[in-house]
Structures are given as structure tokens and as C-alpha cells.
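**Student:**
Number of protein chains: 2
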Amino acid sequence: MKADALASGLPSGSVGVVTPRAFEITQPLTLDCGRTLPQHTLMVETYGTLNAARSNAVLICHALSGDHHAAGVYAEDDRKPGWWDSAIGPGKPIDTRQFFVVALNNLGGCRGSTGPTTINPETGAAWGPDFPIITVRDWVRSQAMLADTLGIACWAAVVGGSLGGMQVMQWAIDCPTRLRHAIVIAAAPRASAQNIAFNEIARQAIISDPDFHDGRYAALGTKPSRGLKLARMLGHITYLSDDAMRARFGRLLRGGGDGRFSFNYEVEFEVESYLRYQGQSFVDRFDANTYLLMTKAIDYFDPARDYNDDLAAAFAQAQAKFLVIAFDADWRFAPSRSREIVNALVVADRDVSYVVIDSPLGHDDFLMPLPEYHAVLHGYLQRVAGAVGA
Amino acid sequence: MKADALASGLPSGSVGVVTPRAFEITQPLTLDCGRTLPQHTLMVETYGTLNAARSNAVLICHALSGDHHAAGVYAEDDRKPGWWDSAIGPGKPIDTRQFFVVALNNLGGCRGSTGPTTINPETGAAWGPDFPIITVRDWVRSQAMLADTLGIACWAAVVGGSLGGMQVMQWAIDCPTRLRHAIVIAAAPRASAQNIAFNEIARQAIISDPDFHDGRYAALGTKPSRGLKLARMLGHITYLSDDAMRARFGRLLRGGGDGRFSFNYEVEFEVESYLRYQGQSFVDRFDANTYLLMTKAIDYFDPARDYNDDLAAAFAQAQAKFLVIAFDADWRFAPSRSREIVNALVVADRDVSYVVIDSPLGHDDFLMPLPEYHAVLHGYLQRVAGAVGA
């Protein structure tokens, strides 16, 4: 793969050209909401090779808008690599020369896995709003079925940032014997009232869009673009710190010009231009029903709830060793939220390493190749590799 | 007034039953945008009595959604006093036994002052979106004309919180001889990129509402309720700190019940209920075009801009003494933003007192009767009263 990548002109750390694959999960999945999916499909990409002992598999859990395309490209001239290409590849922190890396589009997603945009076999039409609301626990159940399908009894590590980190914690609690290491990045042990407030406004923006049609927009050949755009713009506010926004945009006027205000409501400041662009490009690639479902999964995530609101009791179930990483400028899931995780793990007498990274951007930094961050990930995963004989 | 209030059963600190009055400003007002209003109307309430020396007048500048009804009630059985009733009245920090207090609805407002909802005399129809975008400097010009009309050459103090505090700063810079004291509360010397981002999303929520009709909704008998509701919900996120939201709402489920999740998108968490209520009640009392205009006034406010981005040079124009108050949990206009004001005032060799108040709520605390806060306001205003012979 590496030689191919070099020969083709791809960067040397790339996993190269990859192809997603659909896995049919034929085992029935009973969801937290009480409904059962008799079968479901998961879109998956894998990088690297599963060793003979089947001990070197790493699961990547994605965040709100992520998918199975975590690394590599879809063609040699594809300029847009997977969403975590900076961390996954030969010689990168999650080194595909050592690990067999599995990335999937979660159940309920909109990139090919069973979800609102796929066909409900019972009706022959797209699920749309009839698709059930999925929880983080449901995702762990579904991902465990995928592991069964792949013949992976125990992950060397389960890794994820943000909502992905919530899945990692749930894995460690619900399937203690099926992962050796849990790498929880830029996450929180539950959504705060403020997190829920942001999610609720995003949902209301979508639901109140007249083109939402109670979620049946696709059948009517439309989509709630205005609402989804607003939802994404709102999300982006929480992905950057105030300081990062100031450093990046300040009060700069777009296009420079003579520096005079326009006295209208057209885009004027650079930050407005950035948000509108981010919002619009998201509308072109994401489904509104999936967005609703993903935000609700965040709001519902609360592993302590199953243990009398005692997070340490929840973590007492876990057997994995933990690496918890926070970013100091992250105000969506601030370091204080990671400390809640770490404190509960310590109370539960679990093995945990905790790192806070100097962060230029805020929450968004979990996707960035910050040297300090990648050094920590790399160092820890070398320990994992040693433990599993990767 | 006090005896009346007691006799009527109103609280003893109330200014009692008040009546707003419309002031016609017949002097032409040339705005920052270049347009000129030949005349305009301002809705005004006053509390207390102007002394013979005309030296005891205090101007109250309102924030984004405020108006001229700052204190008192409209009828003896009116249960909803003015928005700053806690601070204005006999024996209160802004003591109406000493001061003649003037509160107005700003130009561009929607409570009776000339603005998008009033009639444009040139067309005979409501201004709607044709009303010009107003700046903080324009408000100071308009308020100075009101002072002329009232025969007030120099305010004992100009007082305001949030966007109101921005008006106070602009007063001190633009009309240095017309105020003795400037009381700037929970404000910032300019909007940050994050402040602008929140405002922009609020504006986009309104503008993208299909019922907005380029601002001509009133003529069509409708209004962009969905967008205005979202805008207000978003504002409320910034009025409370994350800790305050946690203390107030936590992850409590509305209505208690059996504690099970509903697995739908109806209101479920208490914080969702709060935001929806705040959003809806705002729609019933506020105009969307005014909301757009107010947020743009915040974004445009930048007194340093007129002085080569040197805030100290701007404040060097001022002759007033300053009291700057910040709230430690305020993240909309955090204490660090107030320190920028204070530092520039010190560099400019102005007289300034700076106080940071322990804050349970965040930005919203500028409206609250916190004992420490009101003690500071009261103490400072006693100094003002002494200086002006009130």
C-alpha cells in the first residue's frame, strides 16, 4: 500500500485508495426504544491487515457528522481524504502497518448504513422519520454484531472523539471483555443542559422548517435545507473557542474593500461567510432526519443513569485501560467534563491516563494533527501494539 | 408616590403606576448609513422629578429586547413591572427620590418609537425592512436630541447593561460634556467573532423563514415566528452560564413521570421546555425587523474603529467618570471584555472604578437584584447624587 501510494503521488502516510463495503447484519437488533430491527446494513472501511491472532483490530467510532470514510481516498486524484486521515495510516498515530482499523457509518447514519435514507424492507419506501431513535447503547450493540461478523472477539482498542468518545465509554461498560483499550477524546460523560440546549435549537430549526414535512421531505422531493443549514452553523459555534474565532476571523470584513459597513443583511464579516459556507456545504451532504437522531443520541447518552447516577459504578463494569484526552480550549466538552470521566474511573480503580492538550481551535482540534496530541496518541498506541503483539 | 404605592398595595420600592409619553423629535437626524430621518418619535417614561438645577437626570439605555418601560407598572393590578424595576425606584440603587430617571424605546425599536413597525410618513405604510439600520452612534444622537427636548444639558449619569452599556460608552466618547458619569454594565468594547456568529445565526433564522418575505411580512398579515423564536432561544443560551443552566435545569426530564425517555422529538428535558417558552413568548411581543436591526447595531459597535483601532484614543475623548461592572459567569460579554474597557480607560487616564460581581446566572445577572451588585450601584450613585446636588 505504501509503495503504491508513493508511486501514485499520494502522500506517503496515506492508506491509499480505499473502497467501502456493506456488511449485512442478519441478527435481530432490539433497540433501547423497544423496537427491533430484524436486520441492518453497515457501511464499513478497513485499513491494514488483521493478524493471525485477530488481536490487532482497532474500532473507530465517529462523531455527529462522521462516517465510515475515516482514511484514504476514493481515487488517486481524490483531493478529499477521509475525515481522520491525519491520524490513520502507515507511520501515523493509528499505524496501519500494525493495526487492522475498522471504521463504519453508524446505524441511523446517512452514508449507506441502515437509517432514515435507506429502504424499510417492510414498506419498500425510505424509512424517513419512521426510523427509530438510536442510542449510544444501540450503536455499541450494532458494532458488536459487526465485530462478530468480522471475527473480532476483542478489539485492541476502541477509539473516538466527541460523540465517538461516548461510544467508546459505552463499549467499555457494556462489553467489558471485548476491548483492551478505550481511547476517549474530547468527550463528556453526559450532555450538559447547555449541550442539550444547543441540540434542541438545532432540532427546532430543522423541525420548524416548512420543508421538513414531519420528516417526510424526501418522499415529497424536497428537504429542510434552511433548518439543516442553521443547525450546522450553530454546531460550528461550539466547535471553535471564542479566542480561536477571534484569531481566525476577528472583526474582518469580507473582501476587504474600503472597510465601510454595508448597512444591509448580506454577508459582511468573515465569520458570517465561514458559517454560511459551512452550513451550505453540510446541507449538500447530510440528511436532516439523521441529524435529529444523532443529536438525540448525544442528549440521551448517560451511562451513569443505568447505575443510580453513579458514574464510577458504571465504569466499575469496565475492564479496559483508558486514555482520556481533552483540549484546553474546548468549550463544547471542556476538560472539566473529561475530568469527571477520569475521576469516576479513578474512583472505580480503573487504569486511566489523562492528557490535556494545548488547543488552538477548541473542540475541532480532536480532528487536527496537533503534534502534542498525535505524539500522545502514537505513544499510547505503541503500548497497545506491544500488549496485543501487533 | 411612595405613599400611593403603599396605599395601593404595590411594593414600597415601586415608582407606582406610570404612563409612557411620546416625544416628537422634529430636528432632522442624519444616520451613519447616510440616510436622514426628517423627524422621529421616541416613547419615553420618566420617574422622579427633575430638580431646579436640571442636574439630577439619569438616562437608562436599554439592551437588545428592552424598551422605555424600565420601572413601575401600568395599572395597580399589573403584575409585570418594568424590566429594571429591581434597580429603579424610591430607596433602590437608582433612587427616584434623588434622580429624575429617563428611559426610552430606542429608535428602530418596536414599542412605539419610530422603527420598522411605525408608519413612514413618506409612504403612509409601515417602514418594515425599509427602515434604515441604526448604529449605537445614531442612538446617542437621537438620545441627545431627546435630552435637548427635555432641557437636560448634562446627564448626572448614563447607565446601561449589555447593548445598553455600549450606548453608555458611545455617549461618553461622542458627547463628552453631556454626562458626568458613565455606568457600563456587562458590556464589551466591541462584538467578538463569536458574538457576531450568534447574531448572524439569529438573523439567518429570521431571514430564511419563508414567512419573512424580505421583511414585508406585516403587509402580508404574517410574521416569521419560527425564525424569531429560534433567534430568541439562541440568545437565551448566551444569557446563562453552563453552570447556571446545570444548576437550573440539569438533565431533568419535564413532568417527572417514570423517568423513561420518550424516543421522539417532543419537548423532553426541562431546558427544552424553558427555551421553547422563552422563544414563543418573545414572538408574541417583538418584531423581527427590529431584532435584525438590534443585532446589527451590536455587530457594528466599535468605537475604537473611529480612532485607528485605538480604544484608549477613543476614550481619551471622554470626560465622564466611569463605573464598569462585569459578572464573573457572563460568557456573552465576559469580564475579560470589561477589562479591555477598563484598561483602555486607564491608558487614557480616565477616572474608572471596576467591579466584578459573583454571578449565579451569567449575562442575565445584569437584570437581577443581586445584593452585591445593587450595593455597588447604590454606593456609586450616592457619589453621583452628592456631586450633582441631587
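In order, the protein sequences belong to chains A and B. According to the numbering used here, the stretch in the first sequence is residues 1 to 390, in order. According to the numbering used here, the stretch in the second sequence is residues 1001 to 1390, in order. In this text, a Cβ means the ideal position worked out from N, Cα and C, and glycines have one as well. Quantities reported herein were computed from a predicted structural model and do not represent experimental measurements.
1. Measuring CB atoms only, is the segment 1196 to 1214 of chain B touching the segment 1349 to 1356 of chain B, in the sense that at least three cross pairs come out at less than 8 Å?
2. For Phe269 (chain A), return the contacting residues in chain B, with the cut-off set at a CB-CB distance below 8 Å.
3. Going straight from the alpha carbon of Tyr1217 (chain B) to that of Tyr1291 (chain B), what length do you get?
4. Report buried or exposed for Arg1285 (chain B), applying the criterion of at least 16 other Cβ atoms within 10 angstroms of its Cβ.
5. Residues of chain A with CB under 7 Å from Phe1261 (chain B), in chain order?
6. Flag Asp310 (chain A) as yes if its beta-carbon sits less than 8 Å from any beta-carbon of chain B, otherwise no.
7. For Gly1160 (chain B) versus Gly1089 (chain B), is the C-beta spacing smaller than 8 Å?
8. Roughly how many angstroms lie between the CA atoms of Arg137 (chain A) and Val158 (chain A), to the nearest whole one?
9. Can you give me the C-alpha to C-alpha distance between Leu1275 (chain B) and Phe1198 (chain B), rounded to a whole angstrom?
10. At the level of alpha carbons, what is the spacing between Ala318 (chain A) and Ile185 (chain A)?
11. State buried or exposed for Gly115 (chain A), treating a residue as buried only when at least 16 other CB atoms are found within 10 Å of its CB.
12. For a test of the three-state rule: what should DSSP assign to Tyr1239 (chain B), helix, strand or coil?
13. Put Arg226 (chain A) into one of helix, strand or coil per three-state DSSP.
14. Whose C-beta lies closer than 8 Å to the C-beta of Ala385 (chain A) among residues of the same chain, with five residues either side of it excluded?
15. Give me the subset of the segment 321 to 335 of chain A whose CB atoms are less than 9 Å from a CB atom of chain B, sorted by chain position.
16. Using a Cβ-Cβ distance cut-off of 8 Å, determine whether Cys33 (chain A) contacts chain B.
17. Provide the residue(s) that pair with Met392 (chain A) in DSSP beta bridges, ordered along the chain.
18. From Lys1002 (chain B) to Cys1154 (chain B), what distance separates their C-alpha atoms?
19. Excluding the 5 residues preceding and the 5 following Asn51 (chain A) in the sequence, name in chain order all residues of the same chain whose CB lies nearer than 8 Å to its CB.
20. Given a threshold of 16 other Cβ atoms within 10 Å of its Cβ, counted over all protein chains shown, does Ala5 (chain A) qualify as buried or as exposed?
21. Could you tell me which of A:Phe131, A:Phe322 and A:Gly91 sits nearest to Leu107 (chain A), measuring between CA atoms?
22. Cutting at 8 Å between CB atoms, please list the residues of its own chain near Asp1176 (chain B), excluding the five before and the five after it.
23. Run through chain B and tell me which residues come within less than 8 Å of Glu237 (chain A), C-beta to C-beta.
24. Which bits of chain B does Leu234 (chain A) rub up against, with CB to CB less than 8 Å?
25. How long is the line joining the alpha carbons of Val356 (chain A) and Gly34 (chain A), rounded to whole angstroms?
26. With a threshold of 8 Å between beta carbons, is Met1245 (chain B) in contact with chain A?
27. Per DSSP, what kind of secondary structure is Phe1327 (chain B) in: helix, strand or coil?
28. What runs of the alpha helix (DSSP H), each 4 residues or longer, lie entirely inside the segment 303 to 373 of chain A?
29. Within 10 Å of its beta-carbon, does Ile119 (chain A) have 16 or more other beta-carbons around it, so buried, or fewer, so exposed?
30. So Gly279 (chain A) packs on Lys223 (chain A), CB below 8 Å; how close in whole Å?
31. Measuring only from the beta carbon, is Ile1207 (chain B) closer than 7 Å to any heavy atom that is part of the ligand ZN?
32. What would DSSP say about Ala126 (chain A), mapped onto helix, strand or coil?
33. Could you spell out where the beta strand (DSSP E) holding Phe1100 (chain B) opens and where it closes?
34. Identify which residue in A:Gly362, A:Ala147, A:Pro189 and A:Leu253 has its Cα closest to the Cα of Leu243 (chain A).
35. Closest to Ser273 (chain A) by C-alpha separation, out of A:Leu252, A:Gly227 and A:Arg260, would be which residue?
36. Starting from the Cα of Phe1315 (chain B), find the closest Cα among B:Ser1162, B:Ala1172 and B:Ala1087 and give me that residue.
**Tutor:** In short:
1. no
2. Ala1193, Ile1196, Glu1200 and Asp1299
3. 14 Å
4. exposed
5. Tyr300
6. no
7. no
8. 14 Å
9. 16 Å
10. 17 Å
11. buried
12. helix
13. helix
14. Asn56, Asp95, Gln98, Phe99 and Ala156
15. Trp331 and Ala334
16. yes
17. There is no way to answer for residue 392 (chain A), as the model of chain A reaches only from 1 to 390.
18. Residue confidence for Lys1002 (chain B) is low, a pLDDT of 42 falling below 50, so the modelled location carries little weight; the figure read from the coordinates is stated next. Roughly 27 Å between the two C-alpha positions.
19. Phe100, Gly389 and Ala390
20. Summary for Ala5 (chain A): the model assigns pLDDT 46, below 50, so the residue's position carries little reliability; its value from the coordinates is reported in the next sentence. When all chains shown are included, Ala5 (chain A) counts as buried.
21. A:Phe131
22. In the sequence as displayed, the identity of residue 1176 (chain B) is Pro instead of Asp. The answer, listed in chain order, is Gln1317, Ala1318, Gln1319 and Ala1320.
23. Glu is not the amino acid found at residue 237 (chain A); the sequence shown has Ile there. Near Ile237 (chain A) (Cβ distances below 8 Å), the residues of chain B are Gln1194, Ala1197, Phe1198 and Ile1201.
24. Ile1201 and Leu1234
25. 39 Å
26. yes
27. strand
28. 311 to 315 and 335 to 347
29. exposed
30. About 14 Å; that fails the 8 Å criterion.
31. With respect to small molecules bound, the structure shown includes none, and the ligand ZN cannot be examined in it.
32. strand
33. Phe1100 to Leu1104
34. A small fix is needed here, since residue 243 (chain A) is Asp in this sequence, not Leu. With distances taken between Cα atoms, Asp243 (chain A) lies closest to A:Gly362.
35. A:Leu252
36. B:Ala1172
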